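Participant:
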Amino acid sequence: MTPRRFPRRPLLAGLAATLALAATPVLAAPAIGKPAPAFTVVDATGKSRSLSEFRGKTVVLEWTNEGCPYVQKHYDAGAMQRLQKAATGDGVVWLSVISSAPGKQGYKTAAEARAWQAKAGVGATAVLLDPKGEVGRAYAAKTTPHMYVVNPAGTLVYMGGIDDRNSADPATLKGARNYVTAALADLKAGRAVAQPVSAPYGCSVKY
Amino acid sequence: MDEIKPEMSFRMTTRLASLLALFALLLPHAARAEPVDTGHLIAELVAETGSIAPGQTIQVALRQKIDDGWHTYWRNPGDSGEATKIAWTLPAGWQAGEFVWPAPEPQPAGPLVNYGYSGEVLLPMTLTAPADAAVGQPVTLTAAAAFLVCEEICIPEDAVLNLTLQVTAEPSSASGRWAGPITDTLIAAPRPAEDLTAVFQAAEGGLTLAVTGARLAGADMAGSYFFPFDGAVIDHAAPQAVERGPQGLTLRLTPGFAFQAPEPPQSLAGVLKVGDAYYEITASPGEPPAEAAGLGPPPAPRSGEGGAGLGLPLAVLFAALGGLILNLMPCVFPVLAMKAASLAGHAHEHAAARRQGVAFGVGVMVTFLGLAGVLIGAQAAGTAVGWGFQLQSPPVVAALALLMLAVALNLSGVFEIGGSLQGVGTGLAARGGTSGAFFTGVLAVVVAAPCTAPFMAPALGWALTQPPLGALLVFAALGAGFAAPFVAVAFAPGLLSRLPRPGPWMDLLRKALAFPMYGAAAWLVWVLSLQAGPMGLARLLAAAVVLALAAWLFGLSQRRGGWSLRGGGAALAAAALIAAVLPYGAAATSAGSSPDAGPVAELPYEAYSAERLAELTAQGTPVLVNFTAAWCVTCQVNEQVALARQGVAEALTRTGTVYLKADWTKKDDIIAAELARHGRAGVPLYLVYDGSGAAPRVLPQILTEGLVVRALEEAARPS
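For the record, the sequence lines run as chains U and C.
Residue numbers 1 to 207, in this note's numbering, belong to the letters of the first sequence in order.
Residue numbers 208 to 926, in this note's numbering, belong to the letters of the second sequence in order.
Here's what the structure looks like:
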C-alpha cells in the first residue's frame, strides 16, 4: 500500500469551517469585575432560582456533566463533593449547572438530577437544569467543569478551570492547585482574588 | 520429474542460501513496532529508517489513525479538550524531541471551536542515539502516548508503544514506507517565517493582530486565520475579520480571558494561515503598521451555493434568457417607452430603422460590458459590490433622476434634440437618430441594472466568481438577450410596415410616453430621499426645477432662434446638474434617514445580522431573511404584493418565524459578502431557514403571498 500524503490538508473543509465560524453563535463573554450575568432557571426540585436571590452571599457556579471523564475525575474521588460541602458549610452558595441539551451526554430530567444528587453525595445548594443552554451561553461556559465565583455584591471575581491540571487522570488530583479554593479564601479574607482567570478544561458543554 | 542428484541439490542449497543472505543484506532494516488500537484510534510509533548509528538523529513519528467522525487535538485544543501527549522511556543517553505539530483544522462544536486533527495524522519527533550506543544490537524504545479522542463525547485513551531499531555503525538514510510521509509532514508543517513581523494591540473589547512582510504582498488572503499556541489569549469561536494591506494583513480577533488577568499577555504566538501557507509567528505589542491594512477585506471565497455549479454554457444561456425577460421588468419599461417612440419615428425608413436597431444593440452591449468591467475590477480590488451597485451611489441616482426628467421633458415637447420642431414625426435626421439609439441603449442598461430578472441572478452570481473572460461572456450574453427584441423588430420589415404611416398620432404617442419617464424620474427621486435624507431631496428637487426652466428656455430658443436663450438654457441645465451632484462628492452618503424607516413594516422585522441569525438558528427558530434595497424595483414590488400582507403576517406569528431584513440600499460590505456566499451578486434574495441548521431554502425572485406562506409553513414543520 502506498502511504498517503500526510497530513491530509482539507483546505476546502478548513475554509468551510472558517466560513461556518462566521455563522456560529459567538458566546457573549462575561467579564471579571463586572456584574455577573443574571439568570432565572428551574432547579432539580422544580423551584425557580435566579442569581439575584443570592445577593449578599458568595456564589460558586459549577458546570457539570456526569458522563464527562474530567468531571468524573473530581466526583469519583469525592474531591468535588468535599469542596462543595466545605464551601456551603462556610455560607457559600454552590450551584451545579447542567446545560446539556436533551439527548446529549449529561442531560438530566429533574428526577434524574435528584437521583444523581443523592447517589453521588453532591453537596451543592441547588442543581440548576439548563437544557436550553441559556445560563451556559450567558456565562460563555465552554467546558465541564467550568467554574465561576460571584462575590456578595454580584460581581464576577473568578472564572476558569477548577484547578491547574488539564487531565482526566485521577492521579493528577494530588498536588493540583485548586483555583476555586484559592478564590474563596481570598474573598473570605477580604482580599482581591489573586488569580481571577484561568484556562477552563474538560469536555465541551453539550449545548 | 528427474531425480535430483545429491551434488546438484547441495549446490542448489548453497546457491539458495547465498541468495537469501544477499537478499537479507540488501533489504533495508525495518523498524519493528506494533500498532495499538486504543478504542477509537490506532496508534503506532513509526520511523523513517530501521536503523540508527551512534550519535545520529533520525525522524520518528507518532501515527494516529482516528476513527471516522472522531478527532484528537492540537497543542492548543481550543475551547475544550486536551492535546495529545507522549512520555518516552528511553535508555540512558537517548533523547527524543518535542512533537512537530502539523497545521490543525478548526473543529466547531455548537458554539465552541476546537483545534485538532481527524483521519490519519503523523506527529514527527527527532530521536538521537548516544555516541556510545552498542552497535549491532537492536534497541527497543518505549513511549506512553495519551490522547483525548472525541466525537460528540470525549474519551481519554492511551497506549504504550514500542519502537525497535537496529544500531548500526554507519548512519542510515531515510528509507522504508514511512520515510516519505514523515518528510511530507515535516515539509507541510507550519514553519517560522523570519521575514514576517507581527504586532498586536489590545483595545477595548478588540484585539488587532497585524502581520507584515514582503512575501505577503499580493498573497491570497481569503480565509486567513490565526491559531494561537495559548488557549487563553483569543476567543476561538469568534470570527476573525481579515483586512488586507499592500504588504501584510490585519486580523481582528476577540480577546480571550487572559486579557482580563491582572497582567495581560505580552506576546501572542501561534500559527498564521494565509491562503494555503502556514507560518509560525510571534507577535509583540505595538502599533499596527500602515502596510498591514488599507485594501479592504479579501474577495469572497470562490465557493457559493446556487450559481456555483453552473458552468459556462448554462450560465450564458441563463444570462441570455434573463436579458430577454429583463425587457418586461418594471424598471425597464420607461426606457422601452423611449425605444418605442424612437422606433415608431422610423417605421417606414427601413435602412434607418436597421441602423437604429444596430446602434441600440451596440449601445446595450458596450454598456453591459463596461459595467461588467467596472464590477470585476471593483471585486478584484476587494470592494464588496454587486449587481446594481451604481444605484447605491447618491450622485449617480441624482444625475439619473435629472436625466430622466430631461428626457421626459423632451418627449413632452418642451425642447427638441437635433433637428427643428417641424421634424417631429416625419423622420428625424438619421445620424442624430443613430447616435440617439446608441445612447438609448446605454441608458436602458444603466436603469435596468437594479432589476434582476429570473435566470439573471444565478448567471450573474456564477459570472462574478469566474475569471474575467468567463464573466464578460456572461454579461455579453445578457446584453444580447436584452437588446434582441428591439434589434429583431428593427430588422423585421414586416413588423415595421404594419405600423401606421407617420402622422399626428405620433406626436400624441410621444407625449403619452413622456409619463412613464416622469414616473421613472419620480422613483429615482424617492430612492435618493432614502439614501440622502431630506436635505438631499431638497437639493435634487431644486435642481429639477432649475432643469425644467433650462429645458423651457432651450425649447424657446429653438422656436424663436435666439442663441443667448439657448446658451442660457444650457448653462442653467449644467448648473442644475452640478448643484445636484456635487454635494455628494464632498460628503459621504451619511445623513440619510435610516432605510429602516422605509415604507413597508406591516410586518414586524429585525435588522439582519449574522450573529442574530446564528442566535436564532441555535434556538431552533425558523427565520425568513429578505435581502432588499430601496432602488431595487423587483424587491419593492415583491414587498407590496407578496410580503407586506395579512396572510404572511399571520403565517409569521403562527409558525413563530422571525423576519430579518437585510437592507442593501446603501453600500454594505457584510450584506454583499453574505449575498456572494449564496452565489448571488444582487438583490432580491429570499431565504427561509427552518431552524435546524440546514442550508436555507431559496425562494424565487418573484413572490406571491401564497408562495411565502407555504414556504413558512413547510419550514416550521418539524422534520
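Using N, Cα and C, we set each Cβ at its ideal position, and we do this for glycine too.
None of the values given here were measured: they were computed from a predicted structure.
How would you label Thr264 of chain C, buried or exposed, when you count the other beta carbons within 10 angstroms and need 16 or more for buried?
Facilitator: By one-based count along the second sequence, residue 264 of chain C stands at place 57. By the 10 Å Cβ count, Thr264 of chain C comes out exposed.
Participant: Pop quiz: Thr461 of chain C and Glu450 of chain C are said to be a contact at Cβ under 8 angstroms. What is the actual Cβ separation, rounded to whole angstroms?
Facilitator: Position 254 of the second sequence holds residue 461 of chain C. Position 243 of the second sequence holds residue 450 of chain C. Wrong, their Cβ atoms sit about 15 angstroms apart, outside the cutoff.
Participant: Could you name the residues that DSSP lists as bridge partners for Ala410 of chain C?
Facilitator: Position 203 of the second sequence, counted from the first residue, corresponds to residue 410 of chain C. According to DSSP, Ala410 of chain C bridges with C:Gly413.
Participant: Could one say the Cβ of Gly317 of chain C lies closer than 7 angstroms to chain U's Cβ atoms, at least one of them?
Facilitator: On the second sequence, position 110 is the one that residue 317 of chain C refers to. Chain U, which has a Cβ nearer than 7 angstroms to the Cβ of Gly317 of chain C, makes this yes.
Participant: Quick check on the burial criterion: 16 or more other C-beta atoms within 10 angstroms. Buried or exposed for Met536 of chain C?
Facilitator: Position 329 of the second sequence holds residue 536 of chain C. Met536 of chain C comes out buried.
Participant: Please confirm whether Leu919 of chain C and Thr864 of chain C have their CB atoms less than 7 angstroms apart.
Facilitator: For the purposes of this step, residue 919 of chain C is identified with residue 712 of the second sequence, where counting begins at 1. For the purposes of this step, residue 864 of chain C is identified with residue 657 of the second sequence, where counting begins at 1. Their beta carbons are under 7 angstroms apart, which means Leu919 of chain C touches Thr864 of chain C by this criterion.
Participant: Can you find a CB in chain U that lies within less than 7 angstroms of the CB of Ser380 of chain C?
Facilitator: Stepping through the second sequence from its first residue, residue 380 of chain C is reached at position 173. Output row for Ser380 of chain C: interface = no.
Participant: Using a Cβ-Cβ distance cut-off of 7 angstroms, determine whether Ala189 of chain U contacts chain C.
Facilitator: What you label residue 189 of chain U is simply residue 189 of the first sequence in a count that begins at 1. Chain C contact via Cβ: absent.
Participant: Just confirm the distance between the C-beta atoms of Leu679 of chain C and Leu524 of chain C, as a whole number of angstroms; I'd bet it's less than 8 angstroms.
Facilitator: By one-based count along the second sequence, residue 679 of chain C stands at place 472. By one-based count along the second sequence, residue 524 of chain C stands at place 317. Actually they are not in contact, since the Cβ atoms of Leu679 of chain C and Leu524 of chain C sit about 16 angstroms apart, beyond 8 angstroms.
Participant: Please name the residues in the region 433 to 449 of chain C whose beta-carbon is closer than 7 angstroms to at least one beta-carbon of chain U, in chain order.
Facilitator: So the close ones are Gly438, Ala439, Asp442, Ala444, Ala445 and Pro446.
Participant: Is the Cβ of Ile360 of chain C closer than 7 angstroms to any Cβ of chain U?
Facilitator: Stepping through the second sequence from its first residue, residue 360 of chain C is reached at position 153. With 7 angstroms as the cut-off, Ile360 of chain C counts as an interface residue toward chain U.
Participant: Does Ile98 of chain U pass the burial test, meaning 16 or more other C-beta atoms within 10 Å, or should it be called exposed?
Facilitator: On the first sequence, position 98 is the one that residue 98 of chain U refers to. With 16 or more other Cβ atoms within 10 Å, it is buried.
Participant: What is the residue span of the beta strand (DSSP E) that Arg904 of chain C lies within?
Facilitator: Position 697 of the second sequence, counted from the start, is the residue given in the question as residue 904 of chain C. Note, Arg904 of chain C: beta strand (DSSP E), Arg904 to Leu906.
Participant: Could you check what DSSP says for Arg887 of chain C in three-state terms: helix, strand or coil?
Facilitator: As a first step, residue 887 of chain C must be located in the second sequence, where it is residue number 680. Three-state result, Arg887 of chain C: coil.
Participant: Alpha carbon to alpha carbon, how far is His278 of chain C from Cys357 of chain C? Give it in angstroms, no decimals.
Facilitator: Along the second sequence, read from residue 1 onward, the residue named residue 357 of chain C stands at position 150. Along the second sequence, read from residue 1 onward, the residue named residue 278 of chain C stands at position 71. Approximately 5 angstroms, taken between the alpha carbons.
Participant: By the 10 Å Cβ neighbour count, where 16 or more other Cβ atoms means buried, how is Ser325 of chain C classified, buried or exposed?
Facilitator: If you number the second sequence from 1, residue 325 of chain C lands on position 118. When all chains shown are included, Ser325 of chain C counts as buried.
Participant: Helix, strand or coil for Glu364 of chain C? Go by DSSP, reduced to three states.
Facilitator: The residue labelled residue 364 of chain C in the question sits at position 157 within the second sequence. Strand.
Participant: Strictly below 7 angstroms CB to CB, what residues from chain U border Phe464 of chain C?
Facilitator: In the second sequence, the residue the question calls residue 464 of chain C occupies position 257. Result: Met159, Gly160 and Val197.
Participant: Could you check which residue in C:Ala448, C:Gln843 and C:Ala778 has the C-alpha nearest to that of Pro504 of chain C?
Facilitator: Start at 1 with the first residue of the second sequence, and residue 504 of chain C comes out as number 297. When only C-alpha atoms are compared, the closest one is C:Ala448.
Participant: If the cut-off is 8 angstroms on Cβ atoms, which residues from the region 466 to 491 of chain C count as contacting chain U, listed in chain order?
Facilitator: Taking 8 angstroms as the Cβ-Cβ cut-off against chain U, the residues of the region 466 to 491 of chain C that qualify are Gln467, Ala468, Pro469, Lys480 and Asp483.
Participant: Any C-beta of chain C within less than 9 angstroms: which residues of the region 67 to 95 of chain U qualify?
Facilitator: Flagged, chain order: Gly67, Cys68, Pro69 and Tyr70.
Participant: Report the CB separation of Pro435 of chain C from Asn283 of chain C in whole angstroms; it is logged as a contact under 8 angstroms.
Facilitator: For this step, residue 435 of chain C is matched to residue 228 along the second sequence. For this step, residue 283 of chain C is matched to residue 76 along the second sequence. Right, the Cβ-Cβ distance comes to about 6 angstroms (below 8 angstroms), so this counts as a contact.
Participant: Quick check on the DSSP output: the beta strand (DSSP E) that includes Pro471 of chain C runs from which residue to which?
Facilitator: The count along the second sequence starts at 1 and reaches residue 471 of chain C at position 264. No beta strand (DSSP E) holds Pro471 of chain C; DSSP gives it neither H nor E.
Participant: Between which residues of its own chain and Gly455 of chain C is the CB-CB distance below 7 angstroms, once the five residues before and five after are set aside?
Facilitator: Translated into positions along the second sequence, residue 455 of chain C becomes position 248. Contacts found: Ala417, Val418, Thr419, Gly420, Leu423, Glu498 and Ala499.
Participant: Going by beta carbon distance, what residues of the same chain come within less than 6 angstroms of Ile878 of chain C, once the five residues before and after it are set aside?
Facilitator: As a working mapping, residue 878 of chain C is identified with position 671 in the second sequence. Closer than 6 angstroms at the Cβ level, and outside the excluded window around Ile878 of chain C, lie Ala869 and Trp871.
Participant: I'd like to know if Tyr107 of chain U contacts chain C, where contact means its C-beta is closer than 7 angstroms to some C-beta of that chain.
Facilitator: For the purposes of this step, residue 107 of chain U is taken as the residue at position 107 of the first sequence. No, Tyr107 of chain U lies away from the interface with chain C (no Cβ there is under 7 angstroms from its Cβ).
Participant: Specify the secondary structure class of Leu233 of chain C as computed by DSSP and reduced to three states.
Facilitator: Taking the second sequence and counting its residues from 1, the one referred to as residue 233 of chain C is at position 26. Annotation note: pLDDT 49 at Leu233 of chain C (below 50); position unreliable, coordinate value reported separately. In this structure, Leu233 of chain C counts as helix in the three-state DSSP scheme.
Participant: Run through the region 694 to 750 of chain C for me and flag every whole alpha helix (DSSP H) of 4 or more residues, listed as ranges in chain order.
Facilitator: Complete alpha helix (DSSP H) runs here, min 4: 700 to 705.
Participant: Thinking Gly564 of chain C and Phe646 of chain C are a contact (beta carbons under 8 angstroms), I'd like their distance in whole angstroms, please.
Facilitator: For this step, residue 564 of chain C is matched to residue 357 along the second sequence. For this step, residue 646 of chain C is matched to residue 439 along the second sequence. The pair is not a contact, with the Cβ atoms about 14 angstroms apart (cut-off 8 angstroms).
Participant: Could you spell out the range, first to last residue, of the beta strand (DSSP E) harbouring Lys272 of chain C?
Facilitator: Within the second sequence, residue 272 of chain C is the residue found at index 65, counting from 1. Its beta strand (DSSP E) spans residues Thr264 to Ile273.
Participant: Three or more C-beta pairs closer than 8 angstroms, one from the region 367 to 386 of chain C and one from the region 330 to 344 of chain C: is that the case here?
Facilitator: Yes, the region 367 to 386 of chain C is in contact with the region 330 to 344 of chain C.
Participant: Pair every Cβ in the region 71 to 91 of chain U with every Cβ in the region 35 to 49 of chain U, then say whether three or more of these pairs are closer than 8 angstroms.
Facilitator: Verdict: no, contact absent.
Participant: Is it the case that the Cβ atoms of Ala429 of chain C and Ala527 of chain C are separated by a distance below 7 angstroms?
Facilitator: As a first step, residue 429 of chain C must be located in the second sequence, where it is residue number 222. As a first step, residue 527 of chain C must be located in the second sequence, where it is residue number 320. No; because the gap between Cβ atoms is not below 7 angstroms, this pair is not in contact.
Participant: Short check: CB of Gly106 of chain U to CB of Asn65 of chain U, under 7 angstroms?
Facilitator: Counting from one through the first sequence, the residue named residue 106 of chain U turns up at place 106. Counting from one through the first sequence, the residue named residue 65 of chain U turns up at place 65. Yes, the pair counts as a contact, with Cβ atoms nearer than the cut-off.
Participant: Name, please, each residue of chain U whose Cβ falls closer than 7 angstroms to the Cβ of Ser287 of chain C.
Facilitator: As a working mapping, residue 287 of chain C is identified with position 80 in the second sequence. Near Ser287 of chain C (Cβ distances below 7 angstroms), the residues of chain U are Lys142, Thr143, Gly202, Cys203 and Ser204.
Participant: Closer than 8 angstroms by beta-carbon distance: list the chain U residues that pair up with Pro188 of chain C, in chain order.
Facilitator: A query on residue 188 of chain C cannot be resolved here, the shown segment of chain C reaching from 208 to 926 and no further.
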